[in-house]
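Q: Below you'll find the structure I mean.
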Amino acid sequence: MAQFEPTLLARIHKPDSPALASYRADGGYEALKKALGMAPVDVINEVKNSGLRGRGGAGFPCGLKWTFLPKDHPGPIYLAVNADESEPATFNNRILMEKDPHQLLEGIAIACHAIKSNSAYIYVRYEYGRSYRAMQAAIDECYANGILGKSVLGSDFSLDIRLHRGAAAYICGEETGLIESLEGKRAWPRIKPPFPAIEGLFRKPTIVNNVETLCCVKQILQRGGDWFKSMGVPPDPNNPRDAGSYGPKLYCISGHVNNPCCVELPMGITARQLIEEHGGGVWKGRQAKAVVPGGISMGFMSASELDTPLDFNGPGKVGCLGLGTAAVTVIDDQTSMVDVLFNCARFFAHESCGQCTPCREGTAWMHKILNRVRAGHGELRDLDLLVEVASSMGIIPGTTICGLSDGAAWPIKNAIKKFRSEFEDYIKSGRKSVDPIPAGAH
Amino acid sequence: MPVLSEAIREKIREQFPKYPNKRAVTLPALHIVHDEYRQVSLDAIREIAELLELHPSEVHDTMSFYQFFRTEKDPLGNHRVWVCRSISCMLRGGEELLGELCNRLHVKPGETTSDGKVTLEFAECLGGCDGAPCLLVNDECEMNMTPDSAMTLIDGLRAKS
Ligand SMILES: Cc1cc2nc3c(=O)[nH]c(=O)nc-3n(C[C@H](O)[C@H](O)[C@H](O)COP(=O)(O)O)c2cc1C
Ligand code: SF4
Ligand code: FES
């Protein structure tokens, strides 16, 4: 552990890190050259053997997903790169795109060779204007230097990569919402199956991968699957569904710490280590009351759970939905969980796409009920009502199309379970949280 | 008289080779029009639909899903400033920042200053949480904002145009 060297973030502090010349001076596009010399199936096997699991939130094994594409398909096959990064508190894709755009492009090109795709779209959330421009500049450099286009690095492999801009909607990060949005429609997630690998973008076989996942692909081809597998956490023997958590991971730390930042570490660090060793400790000399392990969809860990390893399997053991995006948000002991939960509920009420009634109505009611509690008009039975609404919505109960709903419900269920007495005291005391925003603003 | 200039139409047509069908150019076209005219009017929707060989209702359906695009009833000012209200910013004063900017600019979120120059909005997480509280000026993130530093920035925008 002491000798851990960042690879994904190795170049970000160089002054001209986004430039092709600088990237090439650091050995850039050698991994692509190597991959082009391999059969696509061997590239897939290398990624499979590395144990890489998707970094976008669901943790699905990357190489395995690639094998779901139909065999000998006449094409086109598409790669849709998910750069919609909108889960609150998550910002590592932004850093990867702004500071090292060629690393992502190389990962995309390797993935496209592996899945036999000649066309990739990068769906960049609108808010990432700097990322969009950095990616566009890097793509232009690649076309000008024979890395993209008809003959990639002089081979007979051709590849086009195009940028597509979102329009500020969280649901475009859900893979089929992203596909619908790219096709020019409202971003209503599709019922699955068919999964995108069979019928995705423009009704063709499509792989959707996250930005960080594809940057890992480039590192795996450069350093080998064994290198990737040499760090992290092996599968939990007590959980037959855990495929292990290997490789380096980008952890985002934000909220009430002295030094909010993004750090690269081997999978499995604890929240306490992140806060103390990388986040500069809890701010103002306070203690942490709660920590979000991976974006607000995952729920909360309480102060007694901070030694939980943040691998794919860890947060679930303490009642969280999962590792999510590994975006750690620290909430100090002076903050009201009522206000925090209200903030989460408001987010999901705003971002539900409205297609499924339990999600559209459920997120709106959870927001309204928490608003009422915050206005000092809550009743104790509201807590049970919140849990009842939350328990009725999502893929887990089977009432909705996509996982936004599960992510909206989880923090509600989990916060009321872990912090019930705080919610009860708040309601009994008749307290109010003063809203700093002028009336009518929401 | 068409509302979309020939230059704008040409910019939209330049998008066609990037996609296997014209419908996929809906979002790019809406962005091109919105950036230029600070709104997408019903006339503009009809003209985009014609260019993309779609029914105007299809373009309207997509556009209205993304609350991002403004109509002629509600055009944008010259600059759009979004203040983040999601969790990491909220924990570090994002809500107070938004409230204070509303007060100082005499607008509610979504409204434009009386000189027509700055539209203030709330945003969900901007992905700048390492610099919370933050805001977006058009499409560039500005981090570690205070009400004073944000006002200095906004005054700079108003002086520009
Ligand atoms: C509501 C919702 C929002 C999502 N947002 C994102 C996102 O912003 N970025 C992302 O990579 N994945 C997001 N995902 C996960 C994607 O659906 C998909 O699993 C992922 O992009 C696959 O890439 P990976 O296997 O490389 O992780 C989201 C999922 C849901 C249900
Ligand atoms: S679960 Fe919610 S966000 Fe997902 S498709 Fe249904 S309504 Fe839309
Ligand atoms: S919460 Fe404000 S930028 Fe992420």
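So the sequences go chain by chain: U and G. With the first sequence counted from 1, adding 796 to any position gets you our numbering. With the second sequence counted from 1, adding 723 to any position gets you our numbering. Built from N, CA and C at the ideal position, the CB exists for glycine as well.
To be precise: take each residue of the stretch 852–875 of chain G, compare its Cβ to all Cβ atoms of chain U, and keep it if any distance is under 8 Å. Which residues remain?
A: Answer in chain order: C852, D853, G854, A855, L859, N861, D862, E863 and C864.
Q: I want to check one thing, is the minimum distance from the CB of R1142/U to the heavy atoms of ligand 2 below 7 Å?
A: For the purposes of this step, residue 1142/U is taken as the residue at position 346 of the first sequence. No, the beta carbon of R1142/U sits no closer than 7 Å to any heavy atom of ligand 2.
Q: Please state if the CB of V804/G and the CB of L843/G are separated by a distance shorter than 8 Å.
A: The residue labelled residue 843/G in the question sits at position 120 within the second sequence. The residue labelled residue 804/G in the question sits at position 81 within the second sequence. With a cutoff of 8 Å on beta-carbon distance, L843/G and V804/G are scored as near each other.
Q: Tell me which same chain residues have a C-beta within less than 6 Å of the C-beta of A1204/U, skipping the five on either side of it?
A: Residue 1204/U sits at position 408 when you count from the first residue of the first sequence. Cβ neighbours of A1204/U beyond the five flanking positions: F1144 and T1159.
Q: If you measure from each CB to the nearest heavy atom of ligand 2 and keep those under 5 Å, what residues do you get, in chain order?
A: P985/U, S1148/U, C1149/U, Q1151/U, C1152/U, C1155/U, T1196/U, I1197/U, C1198/U, L1200/U and S1201/U
Q: Taking any Cβ of chain U, which residues in the stretch 746–759 of chain G have a Cβ under 8 Å from it, in chain order?
A: Residues passing the 8 Å Cβ filter: R746, A747, V748, T749, L750, P751, L753 and H754.
Q: Name the two residues that bound the continuous alpha helix (DSSP H) containing E823/G.
A: Position 100 of the second sequence, counted from the start, is the residue given in the question as residue 823/G. It spans G817 to L828 - the alpha helix (DSSP H) in which E823/G sits, taken as one unbroken run.
Q: Does the Cβ-Cβ distance between V1088/U and A885/U come in under 8 Å?
A: To locate residue 1088/U, count along the first sequence from 1; it is residue 292. To locate residue 885/U, count along the first sequence from 1; it is residue 89. Cβ distance < 8 Å, so V1088/U and A885/U count as in contact.
Q: Is there at least one Cβ from chain U nearer than 8 Å to G850/G's Cβ?
A: Along the second sequence, one-based indexing puts residue 850/G at 127. Interface residue, yes.
Q: Can you tell me whether A730/G is buried or exposed, with buried defined as 16 or more other CB within 10 angstroms of its CB?
A: Position 7 of the second sequence holds residue 730/G. That one is exposed.
Q: Considering only residues of the same chain and omitting the five flanking positions on each side of E883/U, which have a CB-CB separation below 6 Å?
A: If you number the first sequence from 1, residue 883/U lands on position 87. Counting only Cβ-Cβ distances below 6 Å, and skipping sequence neighbours, we find G1091 and T1121.
Q: Under 9 Å Cβ-Cβ, which residues of chain G neighbour R926/U?
A: Counting from one through the first sequence, the residue named residue 926/U turns up at place 130. For R926/U, the chain G residues whose C-beta falls within less than 9 Å of its own C-beta are D862, E863 and C864, listed in chain order.
Q: So is H802/G buried or exposed if we call it buried at 16+ other beta carbons inside 10 Å?
A: Position 79 of the second sequence, counting from 1, holds the residue named residue 802/G. Result: buried.
Q: Could you work out which residues of chain G lie near T1131/U, taking near to mean beta carbons separated by less than 8 Å?
A: Locating residue 1131/U in the first sequence gives position 335, counting from the first residue. Neighbours of T1131/U across chain G, judged by C-beta separation under 8 Å: L814.
Q: Would you kindly check if the distance between the Cβ of L1070/U and the Cβ of V1124/U is under 8 Å?
A: As a working mapping, residue 1124/U is identified with position 328 in the first sequence. As a working mapping, residue 1070/U is identified with position 274 in the first sequence. Yes, Cβ-Cβ distance for V1124/U and L1070/U is below 8 Å.
Q: Flag N801/G as yes if its beta-carbon sits less than 8 Å from any beta-carbon of chain U, otherwise no.
A: As a working note, residue 801/G is residue 78 in the second sequence. Chain U contact via Cβ: absent.
Q: Work out the CA separation of N826/G and G839/G for me, nearest whole Å.
A: Numbered from 1 along the second sequence, position 116 holds the residue referred to as residue 839/G. Numbered from 1 along the second sequence, position 103 holds the residue referred to as residue 826/G. Near 17 Å, if we compare the C-alpha coordinates of N826/G and G839/G.
Q: Considering only residues of the same chain and omitting the five flanking positions on each side of A1237/U, which have a CB-CB separation below 7 Å?
A: Position 441 of the first sequence, counted from the first residue, corresponds to residue 1237/U. Annotation note: pLDDT 37 at A1237/U (below 50); position unreliable, coordinate value reported separately. Nothing listed; no residue qualifies.
Q: Between the C-alpha atoms of F1219/U and M1162/U, what's the straight-line distance to the nearest angstrom?
A: Counting from one through the first sequence, the residue named residue 1219/U turns up at place 423. Counting from one through the first sequence, the residue named residue 1162/U turns up at place 366. Approximately 14 Å, taken between the alpha carbons.
Q: Look at the Cβ atom of I957/U, then the Cβ atom of I918/U, and state whether they are nearer than 8 Å.
A: Numbered from its first residue, the first sequence carries residue 957/U at position 161. Numbered from its first residue, the first sequence carries residue 918/U at position 122. Yes. Within cutoff.
Q: Report all residues from its chain with a CB closer than 6 Å to the CB of P985/U; omit the five preceding and five following residues, and keep chain order.
A: For the purposes of this step, residue 985/U is identified with residue 189 of the first sequence, where counting begins at 1. Taking C-beta separations shorter than 6 Å and ignoring five residues to either side along the sequence, the partners of P985/U in its chain run E970, T972, G973, I1197 and C1198, following chain order.
Q: Kindly examine ligand 1 and report whether one of its heavy atoms sits closer than 7 Å to the Cβ of S927/U.
A: Residue numbering aside, residue 927/U sits at position 131 when the first sequence is read from its first letter. It does not: the Cβ of S927/U is nowhere closer than 7 Å to a heavy atom of ligand 1.
Q: By the DSSP assignment, the alpha helix (DSSP H) with S780/G in it spans what residues?
A: Taking the first residue of the second sequence as position 1, residue 780/G is located at position 57. Bounds of the alpha helix (DSSP H) holding S780/G are P779 to F788.
Q: Which partner residues of I957/U appear in the DSSP bridge assignment?
A: Position 161 of the first sequence holds residue 957/U. A916/U.
Q: State the Cα-Cα distance for the pair P1232/U and G1075/U, rounded to the nearest angstrom.
A: As a position in the first sequence, residue 1232/U is number 436, starting the count at 1. As a position in the first sequence, residue 1075/U is number 279, starting the count at 1. Its pLDDT being 48, under 50, P1232/U is placed unreliably in this model, and the coordinates cannot settle the point.
Q: Rounded to whole angstroms, what's the CA-CA distance from G851/G to G950/U? Just pull it up for me.
A: Start at 1 with the first residue of the second sequence, and residue 851/G comes out as number 128. Start at 1 with the first residue of the first sequence, and residue 950/U comes out as number 154. One C-alpha to the other measures close to 39 Å.
Q: What three-state label does DSSP hand A1204/U in the structure shown?
A: Against the first sequence, residue 1204/U aligns to sequence position 408. Helix.
Q: For M797/U, would you say it is in contact with chain G, using Cβ-to-Cβ distances shorter than 8 Å as the test?
A: Position 1 of the first sequence, counting from 1, holds the residue named residue 797/U. Reliability of the predicted coordinates at M797/U is poor, the pLDDT of 48 falling under 50, and the value obtained from them is presented with this limitation in mind. Nearest CB-CB separation between M797/U and chain G: not below the 8 Å threshold.
Q: Assuming I1003/U contacts L900/U under a Cβ cut-off of 8 Å, what Cβ separation, rounded to an integer in Å, is found between them?
A: Start at 1 with the first residue of the first sequence, and residue 1003/U comes out as number 207. Start at 1 with the first residue of the first sequence, and residue 900/U comes out as number 104. Contact flag wrong, Cβ pair sits at about 15 Å.
Q: Taking its Cβ as the centre, do 16 or more other Cβ atoms sit within 10 Å of V948/U, making it buried, or is it exposed?
A: Against the first sequence, residue 948/U aligns to sequence position 152. Flag for V948/U reads buried.
Q: What does T785/G touch in chain U if you count any residue whose Cβ is under 8 Å from its own?
A: Position 62 of the second sequence, counted from the start, is the residue given in the question as residue 785/G. Within 8 Å Cβ-Cβ: G980, K981 and R982.
Q: Going residue by residue through the stretch 927–992 of chain U, where are the continuous alpha helix (DSSP H) segments of at least 4 residues, counting only ones entirely within it?
A: 971–978
Q: Looking at G1028/U: is its Cβ nearer than 8 Å to the Cβ of G980/U?
A: Taking the first sequence and counting its residues from 1, the one referred to as residue 1028/U is at position 232. Taking the first sequence and counting its residues from 1, the one referred to as residue 980/U is at position 184. Against a cut-off of 8 Å, the Cβ pair of G980/U and G1028/U comes out as no contact.
Q: Given this structure, state the Cα-to-Cα distance separating T836/G from L750/G, to the nearest angstrom.
A: Taking the second sequence and counting its residues from 1, one reaches residue 836/G at position 113. Taking the second sequence and counting its residues from 1, one reaches residue 750/G at position 27. Computed Cα separation, rounded: 27 Å.
Q: Give the interface partners of F998/U over in chain G, defined as CB-CB distance under 9 Å, in chain order.
A: As a first step, residue 998/U is located in the first sequence; it is residue number 202 there, counting from the start. Ordered by position in chain G, the residues that pass the 9 Å Cβ test against F998/U are Y742, P743, N744 and A747.
Q: Scan the stretch 876–906 of chain U for residues whose Cβ lies nearer than 8 Å to a Cβ of chain G and list them as they occur along the chain.
A: Under the 8 Å Cβ criterion, the stretch 876–906 of chain U contributes E881, S882, E883, P884, A885, T886, F887, N889 and R890.
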